[in-house]
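K.L.:
Protein chains in written order, with my numbering: chain U, 120 to 220; chain S, 34 to 531; chain L, 2 to 485.
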């Protein structure tokens, strides 16, 4: 199995992309896991994939299309019930700050 | 030598598609004014276990717009996931399109300074809309808000994103482009295309090409909520960029936000680095196969497009460009115009009357032009009378007014307006003259007694006649009738005096 | 007693549905402290459903083909108003406002759902040790794991809580626990069963399927759950055959059975090798021809291919768990902190590992080298199976490389744990149907099973072969001892 140069920085960057906090004591084992598993991935490079279209889907039917009719779900109140933070009829989130688009 | 610049603008326009239901679920798209989070279902809320189901009409409308824009259609097109975290995005990914969009490589003509310029369309693709955020700050803006409220009513509404080539060179061209695109989507019934209510949104990309060979970086501008904002923002940004480049400063490639109140673009806060959207094909939706027969049928069923109408009005009927533009701007007005001409009206006359009188009636009565009680055939009949000299302009306007108000036909309206069929005959005219003379004896005597220096009294009396008959006879005919009456009066007078 | 027998017994008024459910409940109560196969028992609901079935019968009506039969459903399938946790802290207490398609189908057929079963968190695991609600024990040997991720469902059937159960299979999560627990387990063709209401792990690989102790029960359940569902765009709209009819007179005469020599050599446990060889000779004796087929790509590249694609899709599917609309939410004064703490503390270790590797494989700069490459290799694996099926009607291969391992043995060695699915995951990559068929027990009492794989939408062929094997191997009994 190949050794791969994955660093703590790489893992923390991915954790940021995935909005996942890794406790300090778990970073080291996570880096090792990454190195191991990506080492396994590398073996795919030995496979001859020349000329293969990754998106062939002859074995899948074409996307079915839905008629443009409306239907009311009618349980919108229930939607808010599941939220642990809400205000009136809105879902609520704390300060967005620098997040987002 | 002074540094010169060429502005390069590309526009990304999002239009909400005029479907009844959302893109992937059967919730209604009619969310404006609805109670927050009342127009939702497990799917557009992104609940676990839900799966998207593609709305056929959204594909149809997207295709229609793409064909009108002369795009090439990708017969096999697919959706991709665009992954990012934001509270208005319930699944934390938007189902959009990436490398195989619905359509590519089209163009749209815009008219600038009387010339036609074709602007390239890079692509048209479909994607779902996000929900809406309400921020807790007093100005409703994000910066500094302690919390925000989320409403998913809009989440999942279908959008078509139309990207132009960076071929617009000024804020005027950008404005014209948006107006043309808006006109087109309304024409095709693809979208309401309304910037105010958010069914048409514009983001702009602006950069400068310098005469010394430098290319300024591209800046994206967001938060353009009206045509005015678009123009002002572009003007500001173009200045800002030219100013910096003139000083030798590099333009930072970034996204800037238009602050309409302050009249400036501002760097968007906290945008450390570009998003990594981790696009991959949407595994819950197989590829969409678009049949050639379907594309051909749709292309054949396209209505005549606004710019095609404009050209035809000018070529076939000799309208000038501004008039042709204003008549082809609204598909209903265009229909009214064409039907009027088809009923036999002379095109230029019809054009004139529709642009002025008909549109005035539409405004006054606050109805749609095709809902007016005056139908194109009626207008045509009226205009034929005007053209044949049977009705004067003034009289015809009165009659039209009555037709619109009372909803009655031409002859009845003419009667009601006190207007005579075929205008006034000599006898009828003489009746009126006699009546006027009788009603104004002192002036009449002066004229008869040839004591009317400069014909002042005669003119006065003739004027009264003209007013009475509401211009339904020519001044010559009135003068002749007047003469006729005077002569007979003289004869009578003479007869008496003998 | 199998499901068909229970349903007919209730119909014939030999016993009532209530009696059946009560018996089920007491079995569950007595064994749960050891097995921990159920996260949420639904005893009250089950009894009232049973009463409804009894009422329908007494009124001369038809309660459906599964009328009164107790079933268990894996806890990643939504049930309206019932806690659905996916074995995770992050969904603790969440009650979906809607039913999964298969749940509606089961209930319409009269089945009585008696519990939501334990599972590896978000279906990521091969031992049911990655559950936030404690591990499940293997009823055949409670010091060992039941397999995963549908360990709770497999154990429920092996322990005789219920005759049938539903699980989900993304890389082997039905077939491997079926082998470990000594029951039959089927992963249908991708697209045969609707995924509406199944909390997604890897969308292009997930399928819902049944566990049973008889092939006829398996066919019965498949008939009930394999309906076209327009809410799932990946679900086929083709007409389904009657699976129960297909297995009425199972025969393999004149059919070709493919064996993959490379798979049964090497490090395969000798008893499992023996099970394959015995099954092959038995099928030959029944009139089938044994042929050699090769699946080198699946063997060599299947694992890495799967462990790129599945986590990649999972990383996207699990992004929605952010505490805003449902589920656990960590207190925070700003959104980013809310996101990272909710997800950092709500998701377990294995789920976090997979989300991160999946995110990595899709990220800018790595997408081509990993995700795209894996998709290409997947196409090669599909073609490889297609070529094999030109020579054979079904492929006979192991379901697992080892016998059920001991609890705790692999839980800290994730990559070794992944090896458990080496024979099952290529089948998901190719979208094919695969079934684990119980073939007996080995010396120390651990169960043996074999896997059969067929071309897409030939699920009935699998059931037919399985039926023939079962007629020779016999049906598995329940553990601890006895038969119901």
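Just so it is clear, CB atoms sit at the ideal spot from N, CA and C, and this is done for glycine as well.
My understanding is that residue 67 of chain S touches residue 186 of chain S, with C-beta atoms under 8 Å, so please give their C-beta distance in whole angstroms.
P.N.:
5 Å
K.L.:
Within the continuous alpha helix (DSSP H) that includes residue 163 of chain L, where are the two ends?
P.N.:
No alpha helix (DSSP H) contains residue 163 of chain L, which DSSP labels as neither H nor E.
K.L.:
I want to see whether chain U comes within less than 8 Å of residue 60 of chain S, judged by CB atoms only; does it?
P.N.:
yes
K.L.:
Use the C-beta contact count for residue 415 of chain L: other C-beta atoms within 10 angstroms, 16 or more gives buried, fewer gives exposed.
P.N.:
buried
K.L.:
Using a beta-carbon distance below 8 Å, is residue 137 of chain S in contact with chain U?
P.N.:
For residue 137 of chain S, no CB of chain U lies under 8 Å from its own CB, so it is not counted at the interface with that chain.
K.L.:
Closer than 9 Å, Cβ to any Cβ of chain U: which residues of the region 88–105 of chain S, in chain order?
P.N.:
88, 89, 90, 91, 92, 93
K.L.:
For residue 80 of chain S, which residues in the same chain have their Cβ closer than 7 Å to its Cβ, ignoring the five residues on either side in sequence?
P.N.:
Closer than 7 Å at the Cβ level, and outside the excluded window around residue 80 of chain S, lies no residue.
K.L.:
Can you tell me whether residue 219 of chain L is buried or exposed, with buried defined as 16 or more other CB within 10 angstroms of its CB?
P.N.:
buried
K.L.:
Shortest alpha-carbon distance to residue 293 of chain L belongs to which of L:265, L:18, L:361?
P.N.:
L:265
K.L.:
Measuring CB to CB, does residue 102 of chain S end up less than 8 Å from residue 141 of chain S?
P.N.:
yes
K.L.:
Alpha carbons only, please: which of L:341, L:359, L:336, L:44 is nearest the one belonging to residue 28 of chain L?
P.N.:
L:44
K.L.:
In or out: residue 179 of chain S buried (at least 16 other Cβ within 10 Å) or exposed?
P.N.:
exposed
K.L.:
Using 8 Å for Cβ pairs, my map puts residue 224 of chain S next to residue 48 of chain S. What's the rounded Cβ distance?
P.N.:
4 Å
K.L.:
Mind checking residue 375 of chain S: buried by the 16 CB within 10 Å criterion, or exposed?
P.N.:
exposed
K.L.:
If we define contact as Cβ-Cβ less than 8 Å, is residue 209 of chain U a contact residue for chain L?
P.N.:
no
K.L.:
Which residues does DSSP pair with residue 88 of chain S in a beta bridge?
P.N.:
U:185
K.L.:
Does residue 140 of chain U come within less than 8 Å of chain A when only Cβ atoms are used?
P.N.:
Given the protein chain composition of this structure (U, S and L), no chain A is represented.
K.L.:
I'd like to know whether the C-beta of residue 309 of chain S is nearer than 8 Å to at least one C-beta of chain L.
P.N.:
Yes, because at least one Cβ of chain L sits closer than 8 Å to the Cβ of residue 309 of chain S.
K.L.:
Hey, is residue 191 of chain S's beta-carbon within less than 8 Å of any beta-carbon in chain L?
P.N.:
no
K.L.:
How many Å lie between residue 342 of chain L and residue 352 of chain L at the Cα?
P.N.:
15 Å
K.L.:
Report the CB separation of residue 22 of chain L from residue 66 of chain L in whole angstroms; it is logged as a contact under 8 Å.
P.N.:
Going by Cβ atoms, the distance from residue 22 of chain L to residue 66 of chain L rounds to 17 Å, so no, they are not a contact pair.
K.L.:
Contact between the region 192–201 of chain U and the region 150–164 of chain S: three or more CB pairs below 8 Å?
P.N.:
no
K.L.:
Judging by CA-CA distance, which residue of S:420, S:450, S:423 is the nearest neighbour of residue 433 of chain S?
P.N.:
Distance from the Cα of residue 433 of chain S is smallest, within the candidate group S:420, S:450, S:423, for S:450.
K.L.:
Listing by chain order, which chain U residues have their CB less than 7 Å from the CB of residue 179 of chain S?
P.N.:
214
K.L.:
Check whether the Cβ of residue 124 of chain U lies closer than 8 Å to any Cβ atom in chain L.
P.N.:
no
K.L.:
If you pair each beta-carbon of the region 400–418 of chain L with each one of the region 367–386 of chain L, do three or more pairs fall below 8 Å?
P.N.:
no
K.L.:
In chain order, what are the residue ranges of uninterrupted beta strand (DSSP E) at least 3 long that sit wholly in the region 256–325 of chain S?
P.N.:
287–292, 297–300
K.L.:
Against residue 373 of chain L, what residues of chain U qualify as contacts under a CB-to-CB distance less than 7 Å, listed in chain order?
P.N.:
173
K.L.:
Given that a residue counts as buried once 16 or more other Cβ atoms are within 10 Å of its Cβ, and exposed if not, what is residue 305 of chain S?
P.N.:
Confidence in residue 305 of chain S is poor, its pLDDT being 47 and thus under 50, which makes the residue's placement unreliable; the coordinate value appears in the next sentence. Residue 305 of chain S sits exposed, since fewer than 16 C-beta atoms from the chains shown fall within 10 Å of its C-beta.
K.L.:
Where DSSP assigns a beta bridge to residue 139 of chain L, which residues make up the other side?
P.N.:
L:142
K.L.:
Go to residue 182 of chain L, then tell me how far its alpha helix (DSSP H) extends in each direction, as first and last residue.
P.N.:
Here the alpha helix (DSSP H) through residue 182 of chain L covers 176–182.
K.L.:
Would DSSP call residue 162 of chain U helix, strand or coil?
P.N.:
helix
K.L.:
Could you pull out every residue in the same chain whose Cβ sits closer than 8 Å to the Cβ of residue 367 of chain L, ignoring the five residues on either side in sequence?
P.N.:
361
K.L.:
Closer than 7 Å by C-beta to residue 214 of chain S: which residues in its own chain qualify, once you throw out the five before and the five after it? Chain order, please.
P.N.:
Around residue 214 of chain S: 46, 141, 195.
K.L.:
Which bits of chain L does residue 134 of chain U rub up against, with CB to CB less than 7 Å?
P.N.:
357
K.L.:
Is the region 417–430 of chain L touching the region 458–470 of chain L, taking contact as three or more C-beta pairs under 8 Å?
P.N.:
no
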